[in-house]
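Asker:
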Amino acid sequence: MRPTERGGARSYPVELATLIGQSLARLVREPSHSRRADAGRRWARHTLLIAAILAAAVVFLMVAIDSFEIGLMPARGTASLWPLKILTDFGKSAYVLWTMIALLVIVALLLPLTRGVQRVVMIGIGTRLQYVFLSVLLSVAATEVLKGMIGRGRPFVGGPANPFNFSVFAWGEPYASLPSGHATTAFALAFAVGALFPRLRGLMFGYAVVIALTRLVLLAHHASDVVAGAMVGTIGAMAVRYWFAARRLAFTIRTDGTIEPLPGPSWDRFKKVARGREAP
9 MRPTERGGAR SYPVELATLI GQSLARLVRE PSHSRRADAG RRWARHTLLI AAILAAAVVF
69 LMVAIDSFEI GLMPARGTAS LWPLKILTDF GKSAYVLWTM IALLVIVALL LPLTRGVQRV
129 VMIGIGTRLQ YVFLSVLLSV AATEVLKGMI GRGRPFVGGP ANPFNFSVFA WGEPYASLPS
189 GHATTAFALA FAVGALFPRL RGLMFGYAVV IALTRLVLLA HHASDVVAGA MVGTIGAMAV
249 RYWFAARRLA FTIRTDGTIE PLPGPSWDRF KKVARGREAP
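When the letters of the sequence shown are read in order and numbered with the working numbering, they come out as residues 9 to 288.
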């Protein structure tokens, strides 16, 4: 029975506001998982390892590869590169984030209309969308701060493609090369989706690599920029995953501290819910 079909039931706007409030409250509640300390230590070790390896790679690329790699790329404005200009936008943070917001709004609007199993499935979908959205948002926010603080010039800003062209705290687009925002977005999205759906890890990693390569071919970034973006995106998504797992949201923690996705709504079940085949 719908909320408006019973006199004592709450109206749709009231129930919508209540459900949104409950959803947001779950994200900031106290951690409850008994094995969160083990997961925290494991997350910290992996974060330090990834940061050390990729930071070393960034320095090596900056010193030994960036200038050489730029010389291998086609000239900027080459007409045949138009497909890459379209493809690279699939890693644009604004597009990814607004898409996630639209999906979250759709789930929120549908949630008050569901009951029983339908509502459980929709909440599961919404929780996973929240995880992906926050993984990308946190990573992108960190990247924007780093860009402004580091102030690395994009290729050919101020003349030749000098990989050591820096204007610290410039906070301007010409000096916003490190880390690559597109690479950050792509790798954060890839890690988040792969964390929820392990079977998609290979596909999502391929997507992230393709986006990173488009930034090089289009001469928007140095090679070290995209590796730095991959580092920030991956670490950001890992941090949000730990936050969710500690609160038993979308993830669980094994006895050895490994974080694994909870069984989520399958596509078949989602279709059944959409068609109203599962009764409350």
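All C-beta atoms, glycine included, are put in the ideal place defined by N, C-alpha and C.
In terms of alpha-carbon separation, which member of Leu257, Ala178, Val148, Ser143 lies closest to arginine 160?
Answerer: Answer by Cα proximity: Ala178.
Asker: How big is the Cα-Cα spacing for valine 225 and threonine 96?
Answerer: C-alpha separation (whole angstroms): 10 Å.
Asker: Terminal residues of the continuous beta strand (DSSP E) containing threonine 260?
Answerer: Segment 259-261, the beta strand (DSSP E) holding threonine 260.
Asker: Compare the beta carbon distance of arginine 34 and arginine 255 with 8 Å and say whether it is the shorter of the two.
Answerer: In this structure, arginine 255 lies closer than 8 Å to arginine 34 by Cβ.
Asker: What does the Cβ neighbour count give for serine 19, buried or exposed, with the cut at 16 atoms within 10 Å?
Answerer: Counting Cβ neighbours within 10 Å, serine 19 comes out exposed, since fewer than 16 surround it.
Asker: Report the three-state DSSP secondary structure of phenylalanine 205 (helix, strand or coil).
Answerer: Residue state, collapsed to three classes: coil.
Asker: Taking just the CA atoms, how far does valine 140 sit from tryptophan 51?
Answerer: Roughly 18 Å separates the two Cα atoms.
Asker: Can you give me the C-alpha to C-alpha distance between valine 248 and tryptophan 90, rounded to a whole angstrom?
Answerer: Answer to the nearest angstrom: the Cα atoms are 35 Å apart.
Asker: On the three-state DSSP scale, how would you describe proline 82?
Answerer: If DSSP states are grouped into helix, strand and coil, proline 82 belongs with coil.
Asker: Which whole-angstrom value is the C-beta distance of valine 235 and alanine 60, which I expect to be below 8 Å?
Answerer: No, valine 235 and alanine 60 are not in contact; Cβ-Cβ is about 13 Å, not under 8 Å.
Asker: Could you give the residue range of the beta strand (DSSP E) that holds glutamate 268?
Answerer: Segment 267-269, the beta strand (DSSP E) holding glutamate 268.
Asker: For a minimum of 4 consecutive residues, which ranges assigned as the alpha helix (DSSP H) are wholly contained in the segment 41-77?
Answerer: Listed in chain order, the complete alpha helix (DSSP H) runs (minimum 4 residues) inside the segment 41-77 are 44-68.
Asker: Could you have a look at arginine 256 and say whether DSSP puts it in helix, strand or coil?
Answerer: Looking at arginine 256 - three-state DSSP - the assignment turns out to be coil, as it is neither helix nor strand.
Asker: Is the segment 259-269 touching the segment 41-51 in the sense that three or more CB pairs, one from each, lie closer than 8 Å?
Answerer: The segment 41-51, when compared against the segment 259-269, does touch it at the 8 Å Cβ threshold.
Asker: What's the gap between the Cα of methionine 108 and the Cα of valine 176?
Answerer: Cα to Cα, the separation comes out at about 33 Å.
Asker: On the premise that leucine 105 lies in contact with glycine 134, defined as a C-beta separation below 8 Å, what is that separation, rounded to the nearest angstrom?
Answerer: Glycine 134 to leucine 105, Cβ: 16 Å. No contact.
Asker: Within the same chain, show all residues whose beta-carbon is closer than 8 Å to that of leucine 145, passing over the 5 residues directly before and after it, in chain order.
Answerer: Result list for leucine 145: Leu105, in chain order.
Asker: Could you tell me the boundaries of the alpha helix (DSSP H) in which lysine 155 lies?
Answerer: Looking at the DSSP string, the run of the alpha helix (DSSP H) that includes lysine 155 is 124-158.
Asker: State the Cα-Cα distance for the pair glycine 79 and proline 187, rounded to the nearest angstrom.
Answerer: Taking the straight line joining both Cα atoms gives about 20 Å.
Asker: Using the C-alpha atoms, what's the distance from arginine 223 back to alanine 169?
Answerer: When rounded, the distance between both Cα atoms is 15 Å.
Asker: In the DSSP assignment, what are the bridge partners of phenylalanine 174?
Answerer: According to DSSP, phenylalanine 174 bridges with Arg160.
Asker: Among residues of its own chain, excluding the 5 on either side of serine 75, which ones have a beta-carbon nearer than 7 Å to its beta-carbon?
Answerer: Counting only Cβ-Cβ distances below 7 Å, and skipping sequence neighbours, we find Ala169, Pro171.
Asker: So that I know if they touch, is there some Cβ in chain C lying closer than 8 Å to that of isoleucine 261?
Answerer: The structure shown contains no chain C; it holds only a single protein chain.
Asker: So alanine 289 is in the alpha helix (DSSP H); what residue range does that whole segment cover?
Answerer: Nothing can be reported for residue 289: it is not among the residues displayed for the chain, which extend from 9 to 288.
Asker: Which two residues bound the contiguous alpha helix (DSSP H) that contains alanine 116?
Answerer: Where alanine 116 is concerned, the enclosing alpha helix (DSSP H) stretches over 101-118.
Asker: Take the Cβ of threonine 151 as the centre, count every other Cβ of all protein chains shown within 10 Å, and call the residue buried at 16 or more, exposed below.
Answerer: Threonine 151 is buried by the Cβ-count criterion.
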